[in-house]
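Below you'll find the structure, written out as structure tokens, and then a few comments.
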Amino acid sequence: MELTKLLTFLAAVLPAAYGAPQKMANSMHPNILAAMKRDLGLNTRESMARVERDQKAADVIENVRRSTGDAFAGGWLHGDEVRIGVTDKASAEHVTAAGGTPIMMRNSLSKLEKIKAGFDDAMIKQGNATASDDTGVKAREDLGNYADIASYFVDVASNKIVFEVVNGNQDSADKMAKDAGLAAEEYEVRKVDDYAVPYAQLQGGDSYGINNQFLCSVGFAVNGGFISAGHCGQVGSVAAVNGQVIGRFARSNFPGGLDMSYVQTEQGTTVSPTVNGYSFGQSYEIKDSQQLPIGAAVCRSGQTSGVSCGTITEMGKTVQYGPGQVVAGLTQTDACSKQGDSGGSFWNAGHAQGVLSGGPAQEGGPCYSIFQPIGPILQNYGLTLTTSQGGNPGGNPGGNPPGGNPPGGNPGGNPGGNPGDNGNGGDPWAGWPGWVNWNNWSGGW
């Protein structure tokens, strides 16, 4: 019986792992190859091999995940090696047969993710209580046990939950771990210099303004409009380009665990299934939304810093941006970004990955960028990604926005508005350090 299951698994995984990636790698635009050379130190041959390797790894990891169920402990790239954690020997045989390297783990990924989800619930609940204060901003001391938590995530390679703390204080992380029943070897505490911040200012190019006050950038085209970051605008906010109204925010969630929005465009406005190459002078087609694994190369696009590339370093990360401003399920990369790139696209070789959420509070330190993965945006809002291969057009023929509230509604919705979205009953960005007021903007276009 086990042999039959294994043969069935191989029949499914091998064609996927060794078919399309080569064609996709060969179709990479020279300018993206140039960006990968600049940012990753790879020549053309190495870049194409990297993309092909990443896509094969993504296929193998996903198929093993489906095959091994609760024994799956996560997958990642270690150089050219596809490592996949499992909790039993039978699953290890599946990994080996698929061409991966099995790593025996103590905890399944589902177990660690369940514990992390409990942390998310507690952080988001306390964050919402903080955000409901009359001033819109509260001191971090009022967050109690969570004040020094900058972020946390499941590190699949170490099979641990990793907490990142500021101020050198790990008491809050230790308490969270103890309350969840984590043993000392099941979690790790790392010290970071500062909290991350969301990016919001933007200038020129494919930017759009919100209520004549703020600027953000388009993420990806979807049916009826486009997606972007949730902190860019509330439900009902007006989106405009060069003073011309192009649509309104039909959906928006920030914080409450999410940083996503959907702008429903006006009739006659079309959003193409491409990513702006800025200084490269070329647009890049989007073909699908296949998720790439940890260790894969990824590029991002934004008006302030143009196109930059890096490596996916962490997934499923929970970040506390400001007092109580908690967003979960984010992906971190070491690609550089700057204030003004917010809402922009993360992709590689035609695979849409997500929209920029935030990054370092100060320039000059190590580069990193945090993005909201595209999968939850499409799922929560009932949207379909527009692709160059015949997907839904990004323009809006009119009518109601697709999709309903995320299941259960977003408890982080703005007070006075729709509990599932950022409503119109208040200002969730009061005192927010990442925003730049359009009226005071002194930058060039």
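If you're matching positions, the sequence shown starts at 11 in the working numbering and goes up one per residue. For each residue, glycine too, the CB sits at the ideal point set by N, CA and C.
- Comparing alpha carbon positions, the residue from Val175, Tyr205, Lys124, Arg76 closest to Gln335 is Tyr205.
- Per DSSP, Asp189 lies in no beta strand (DSSP E); the unbroken alpha helix (DSSP H) holding it starts and ends at 181 to 189.
- For Lys66, the enclosing alpha helix (DSSP H) begins and ends at 54 to 78.
- In the three-state scheme derived from DSSP, where H, G and I count as helix and E and B as strand, Leu192 is classed as coil.
- According to the DSSP assignment, Asp298 belongs to no beta strand (DSSP E), since it is labelled neither H nor E.
- With a contact defined as Cβ atoms closer than 8 Å, Thr280 and Gly257 miss out at about 11 Å.
- Less than 9 Å divides the Cβ of Ala306 from the Cβ of Ala67.
- With fewer than three CB-CB distances shorter than 8 Å, the stretch 385 to 400 does not count as touching the stretch 323 to 335.
- The three-state secondary structure of Tyr378, taken from DSSP, is coil.
- Assignment of Asn390 by DSSP, reduced to helix, strand and coil, places it in the helix class.
- The Cβ atoms of Pro283 and Phe224 do not sit closer than 9 Å to each other.
- Sequence-distant partners of Thr54 (beyond 5 residues in either direction) whose C-beta falls short of 7 Å from its own C-beta, in its chain, are Leu43.
- Gly89 sits exposed, since fewer than 16 C-beta atoms from the chains shown fall within 10 Å of its C-beta.
- In this structure, Ser318 lies near Ala345, with their beta-carbon atoms less than 9 Å apart.
- Each of Ala127, Asp184, Ala359 was checked against the Cα of Ser293, and the nearest Cα belongs to Ala359.
- Contact between Leu192 and Ile125 holds: CB atoms are separated by about 7 Å, below the 8 Å threshold.
- Judged by beta-carbon spacing, Thr343 lies within the 9 Å limit of Arg310, meaning their Cβ atoms are closer than that value.
- Rounded to the nearest whole angstrom, the C-alpha separation of Arg75 and Ala108 is 11 Å.
- Counted as a single uninterrupted DSSP element, the alpha helix (DSSP H) harbouring Ser101 occupies residues 99 to 107.
- Residue range 254 to 263 is occupied by the beta strand (DSSP E) that includes Asn263.
- Here the alpha carbons of Glu123 and Glu295 stand approximately 33 Å from one another.
- For the options Asp98, Asn233, Cys226, the alpha carbon positioned closest to that of Gly240 is the one of Cys226.
- Taking a C-beta distance under 9 Å as the contact criterion, Glu198 and Ile171 qualify as a contact pair.
- In this structure, Ile384 places its C-beta atom within 9 Å of the C-beta atom of Ser299.
- Counting along the chain, Pro303 sits inside no beta strand (DSSP E), nor does DSSP assign it H or E at all.
- Taking C-alpha positions only, Ser347 is separated from Ala249 by approximately 23 Å.
- The alpha-carbon separation between Ser161 and Gly266 amounts to approximately 15 Å.
- CA-CA distance, Ser262 to Val245, rounds to 6 Å.
- In the structure shown, the three-state DSSP call for Leu268 is coil.
- When secondary structure is reduced to three states using DSSP, Ser120 falls in the helix class.
- Restricting attention to Leu119, Thr111, Val164, Gln136, the CA atom closest to the CA of Ala81 is found in Leu119.
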